[in-house]
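There are 2 protein chains.
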Amino acid sequence: MRISMLAERTGLPVATLKYYLREGLVPPGIATARTQALYDEAHVARVLLVRALTESASLSLAAVRQVLAVLDDPPASRHDLLGAAQHALLTDEERSAGTPGAPAADPWLSRAAAVVAARGWYCDTDDPLVRRLAEGLRAADAADVTISDEHLDAYARASETIADADVASVPADAAGAMRQVVVGTLLTDPLILTLRRIAQQQASDTAAARPTS
Amino acid sequence: MRISMLAERTGLPVATLKYYLREGLVPPGIATARTQALYDEAHVARVLLVRALTESASLSLAAVRQVLAVLDDPPASRHDLLGAAQHALLTDEERSAGTPGAPAADPWLSRAAAVVAARGWYCDTDDPLVRRLAEGLRAADAADVTISDEHLDAYARASETIADADVASVPADAAGAMRQVVVGTLLTDPLILTLRRIAQQQASDTAAARPTS
DNA sequence: ATTATTGGATAGTGATAGTCTCCAATGTCA
DNA sequence: TGACATTGGAGACTATCACTATCCAATAAT
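Protein sequences appear in the order of chains R and L.
By our numbering, the letter at position 179 of the first sequence is numbered 439, and the numbering carries on one by one without gaps.
By our numbering, the letter at position 144 of the second sequence is numbered 404, and the numbering carries on one by one without gaps.
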C-alpha cells in the first residue's frame, strides 16, 4: 500500500507519517522507484503502536524511540528480558545515576528501602526504581501529604497482586514476551490508575453508607 | 519575607516565582509599597505544592490551576467532596463529554462496564472514568496487547485494595480531606506505578526460581 | 548617597510534535 | 500519449509549554 493508504488505515495525516518516517519511528517502506514506496500491515501496526504509546501511555517520541529499540532487538536470554524491559522504561537521568560516593543517608531512600523490604522483596538503594520511589515520597512530603506505613504497605500489596498477574500473562516466546512486558506495562498503567479512581468512588460510597464505623 | 527569600526557601529562581505569581498559581504577597510585597509560609507551601504536582505527578500548569481552584474552594458537603475532587482531575475534554444520542455500542465501553460490574461496582457507561477505561482498553488492543479477563480483574482487585486504603486515610475536616484526596491521589499515582515495576522484578525472579511450574 | 532589590510588564528561549510548501519523479486513467 | 494526482524527500514554518531575560521606576539597605 502507498502512504496515503497508510494514512487512511491509521487515521493520521500523511504529513505526520512522513515525520515519523523521518524520525525513524516507523521503518521506511520498500522503495519501488525514487518517488514510490510500499507499506504493509507491519507498518500499520507500528504506527498504531506509536500512537498508543504517545496518546495512552503519554510517552514522548524520544521515549517511544527507546522502547521501539528494545522491541526491535530483544535480549536473547529470557532472564535478561525483564531487566532490559525495565531499563528501557527508565529516563536517561535515571539510567546514568551512578552512586557518587556517600549517599548522604537520604531519609526518603531509607523509607523506600523499608517499604520494599517489608514486602520481603530484595533491597538495593542503588536501584533506579527504589530511587524513583524515594523521590515520590519526598515530593508527597514536600506537598504536605503524609502517607502512613500501613497505607504504603497496602500499595505494595496491591502492586504485588498486579505484578503477579502481569508475570503470569507473559507469553513463552522472547519477542512476544518483550512486547507484552514493555508495551503491556506502559499501556496498562493508565488502566490501573483509572480503576483506582473508580474504586475510590465505590469505597467512598460504601464508607458513607456505613458512616462512623 | 521578600521574594528572594521565597526563592531561597523553595529552591526556585526568582524569575520562576514571578511567573507563577503572574499565572495566578501562587497568590500575591501582601504589598507594603508599590515595589514591595511580603510572603509567608503559606506561599512557600503553595510553591512546593505546585512543584510536587508538576514534577512528581507530571501535571501541566493548567491542570495544577484546576486542582488549586478546587483546593481553594472546597465543596461544603462531605458527600460531594470526592465527586468534586474527581471532577477536578478530569481533562476539559472528559468533563464536557455529554452523551450525544446513540453511544454506538462501543465494544470497549462494554468491556469497561463489564470489568466494573464484575467487581460489584456501580455501572454507568456515561461516567468519564469508565470512558477513560474504555479508551485505555482500545489503545491496548490497537497496540496488539491482549489483556485477559482474569488479568483485568486482578487489576480491579488491586485497585480496590488501594482505594480502601485511600478512603481510610481521609481526615475528618473538609479542607484536609480535599487536600488528601486530590493531592494525595495525584502524588501517590507514581508511587503505585513504581511499586508495580519493583514487584514485577520480584515476581519475575520468583517465577524464574520455580521454572516451569 | 549609593547600591541592591523589588514588582510589573514585555519579549525572548529551547524543547516538543507536528504541519506546510516545494520539487521533480512517478503512477493512473482517459 | 497526455493530463493530472500522488509520492518521497528536504527544508522551513507553526503552536504550545514552561520558563528566562531584560527593562523600568520605585523602594530598601547601608
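Cβ atoms here follow ideal geometry from the backbone N, Cα and C, with glycine treated the same way.
Could you check whether the Cβ of V330 of chain R sits closer than 7 Å to any heavy atom belonging to the ligand HEM?
The model depicted lacks the ligand HEM and carries no ligand whatsoever.
Between V427 of chain L and V327 of chain L, which are expected to be in contact by the criterion C-beta below 8 Å, what is the C-beta distance as a whole number of angstroms?
As a first step, residue 427 of chain L must be located in the second sequence, where it is residue number 167. As a first step, residue 327 of chain L must be located in the second sequence, where it is residue number 67. Between V327 of chain L and V427 of chain L the Cβ distance is about 19 Å, and since that is not below 8 Å, they are no contact.
Using a threshold of 8 Å, state whether the C-beta atoms of R392 of chain R and E420 of chain R are closer than that.
Counting from one through the first sequence, the residue named residue 392 of chain R turns up at place 132. Counting from one through the first sequence, the residue named residue 420 of chain R turns up at place 160. Going by C-beta atoms, R392 of chain R is not nearer than 8 Å to E420 of chain R.
I'd like to know whether the C-beta of L331 of chain R is nearer than 8 Å to at least one C-beta of chain L.
Working through the first sequence from its first residue, we reach residue 331 of chain R at position 71. No, L331 of chain R does not count as interfacial toward chain L.
Under the DSSP definition of a beta bridge, which residues are partnered with I407 of chain R?
Residue 407 of chain R sits at position 147 when you count from the first residue of the first sequence. None, per the DSSP bridge assignment.
Any Cβ of chain R within less than 8 Å of the Cβ of D300 of chain L?
Taking the second sequence and counting its residues from 1, the one referred to as residue 300 of chain L is at position 40. By this cut-off, D300 of chain L is not an interface position.
Contacts that I422 of chain L makes with chain R (C-beta to C-beta distance below 8 Å):
The residue labelled residue 422 of chain L in the question sits at position 162 within the second sequence. The contacting residues are A414, Y415, A418, R456 and A459.
Assuming D366 of chain R contacts A394 of chain R under a Cβ cut-off of 8 Å, what Cβ separation, rounded to an integer in Å, is found between them?
Numbered from 1 along the first sequence, position 106 holds the residue referred to as residue 366 of chain R. Numbered from 1 along the first sequence, position 134 holds the residue referred to as residue 394 of chain R. Yes, they are in contact, since the Cβ atoms of D366 of chain R and A394 of chain R sit about 6 Å apart, within 8 Å.
Mind checking which residues open and close the beta strand (DSSP E) that includes T292 of chain L?
Residue 292 of chain L sits at position 32 when you count from the first residue of the second sequence. That run of the beta strand (DSSP E) goes I290 to A293.
What does the Cβ neighbour count give for R311 of chain L, buried or exposed, with the cut at 16 atoms within 10 Å?
Position 51 of the second sequence, counted from the first residue, corresponds to residue 311 of chain L. When all chains shown are included, R311 of chain L counts as buried.
One or two residues paired with A348 of chain L in a DSSP bridge
Position 88 of the second sequence holds residue 348 of chain L. DSSP output for A348 of chain L lists no bridge partner at all.
Looking at the secondary structure, which residues open and close the beta strand (DSSP E) in which L298 of chain R lies?
Numbered from 1 along the first sequence, position 38 holds the residue referred to as residue 298 of chain R. First-last of the beta strand (DSSP E) with L298 of chain R: Q296 to L298.
Whole-Å CB distance - H411 of chain R paired with S429 of chain L, under 8 Å assumed:
What you label residue 411 of chain R is simply residue 151 of the first sequence in a count that begins at 1. What you label residue 429 of chain L is simply residue 169 of the second sequence in a count that begins at 1. That belief holds up - the Cβ atoms of H411 of chain R and S429 of chain L are roughly 5 Å apart, short of 8 Å.
Leaving out five residues on either side along the sequence, give the residues of the same chain with a beta carbon under 8 Å from the beta carbon of L369 of chain R.
Here residue 369 of chain R refers to the residue found at position 109 when the first sequence is read from its first residue. Excluding positions up to five away in sequence, the list reads P363, T385, V390, R391 and A394.
Distance cutoff 8 Å, beta carbons only. Does T448 of chain R sit that close to anything in chain L?
Mapped onto the first sequence, residue 448 of chain R falls at position 188. Yes, T448 of chain R counts as interfacial toward chain L.
Would you mind giving the Cβ-Cβ distance between A344 of chain R and V324 of chain R, rounded to the nearest angstrom? I have them listed as a contact below 8 Å.
Sequence index remark: in the first sequence, residue 344 of chain R carries index 84 (1-based). Sequence index remark: in the first sequence, residue 324 of chain R carries index 64 (1-based). So it is not a contact: roughly 17 Å between Cβ atoms.
DSSP on D387 of chain R, reduced to helix/strand/coil?
For the purposes of this step, residue 387 of chain R is identified with residue 127 of the first sequence, where counting begins at 1. In the structure shown, D387 of chain R sits in coil (DSSP, three-state: anything other than H, G, I, E or B).
Under 8 Å, Cβ to Cβ, is there at least one residue of chain L near A467 of chain R?
Looking up residue 467 of chain R in the first sequence gives position 207. Yes, its Cβ sits closer than 8 Å to a Cβ of chain L.
Nearest-angstrom Cα distance between A377 of chain L and L453 of chain L?
If you number the second sequence from 1, residue 377 of chain L lands on position 117. If you number the second sequence from 1, residue 453 of chain L lands on position 193. Spanning the two alpha carbons is a distance of roughly 24 Å.
Contact check, V286 of chain R vs Y280 of chain R, beta carbons under 8 Å:
Here the question's residue 286 of chain R lines up with position 26 in the first sequence. Here the question's residue 280 of chain R lines up with position 20 in the first sequence. Yes, they are a contact pair.
Where do the N-terminal and C-terminal ends of the alpha helix (DSSP H) with L272 of chain L fall, by residue?
Taking the second sequence and counting its residues from 1, one reaches residue 272 of chain L at position 12. Where L272 of chain L is concerned, there is no enclosing alpha helix (DSSP H), given that its DSSP letter is neither H nor E.
Do R417 of chain R and L397 of chain R have their C-beta atoms within less than 8 Å of each other?
In the first sequence, the residue the question calls residue 417 of chain R occupies position 157. In the first sequence, the residue the question calls residue 397 of chain R occupies position 137. In this structure, L397 of chain R does not lie closer than 8 Å to R417 of chain R by Cβ.
Below-8 Å beta-carbon distance, W368 of chain L vs any chain R residue
Indexing the second sequence from 1 puts residue 368 of chain L at position 108. No, its Cβ sits nowhere closer than 8 Å to a Cβ of chain R.
For M261 of chain R, does the three-state DSSP call read helix, strand or coil?
On the first sequence, residue 261 of chain R is found 1 positions in, with the first residue counted as 1. In the structure shown, M261 of chain R sits in coil (DSSP, three-state: anything other than H, G, I, E or B).
Cβ of A414 of chain R within 8 Å of Cβ of A425 of chain L?
Against the first sequence, residue 414 of chain R aligns to sequence position 154. Against the second sequence, residue 425 of chain L aligns to sequence position 165. For A414 of chain R and A425 of chain L, yes; Cβs fall inside 8 Å.
Cβ-based neighbour list, A317 of chain L, same chain, cut-off 7 Å, excluding 5 preceding and 5 following:
Against the second sequence, residue 317 of chain L aligns to sequence position 57. If we look at A317 of chain L and ignore the five residues flanking it on each side, its Cβ neighbours are L446, L447, D449 and P450.
Compute the distance between the beta-carbons of W381 of chain L and Q462 of chain R, then report whether it is under 8 Å.
What you label residue 381 of chain L is simply residue 121 of the second sequence in a count that begins at 1. What you label residue 462 of chain R is simply residue 202 of the first sequence in a count that begins at 1. Against a cut-off of 8 Å, the Cβ pair of Q462 of chain R and W381 of chain L comes out as a contact.
Assumed close pair P334 of chain L, A434 of chain L - CB separation to whole angstroms, cut-off 8 Å
In the second sequence, residue 334 of chain L corresponds to position 74, counting from 1. In the second sequence, residue 434 of chain L corresponds to position 174, counting from 1. With a Cβ gap of about 5 Å, P334 of chain L and A434 of chain L count as contacting.
Starting from A373 of chain L and walking both ways along the alpha helix (DSSP H), at which residues does that stretch end?
One-based indexing of the second sequence puts residue 373 of chain L at position 113. Note, A373 of chain L: alpha helix (DSSP H), P367 to A378.
Buried or exposed (CB count within 10 angstroms, at least 16 for buried), T406 of chain L:
As a position in the second sequence, residue 406 of chain L is number 146, starting the count at 1. The residue is exposed, with fewer than 16 neighbouring Cβ atoms inside 10 Å.
What separation, rounded to the nearest whole angstrom, lies between the Cα atoms of T466 of chain L and A437 of chain R?
Reading the second sequence from its first residue, position 206 is the one you call residue 466 of chain L. Reading the first sequence from its first residue, position 177 is the one you call residue 437 of chain R. Roughly 17 Å separates the two Cα atoms.
So is A336 of chain L in contact with chain R if we call contact Cβ pairs under 8 Å?
Locating residue 336 of chain L in the second sequence gives position 76, where the first residue counts as 1. So, not an interface residue.
Under 8 Å by beta carbon: chain R residues contacting R392 of chain L
Working through the second sequence from its first residue, we reach residue 392 of chain L at position 132. In chain order: P450 and T454.
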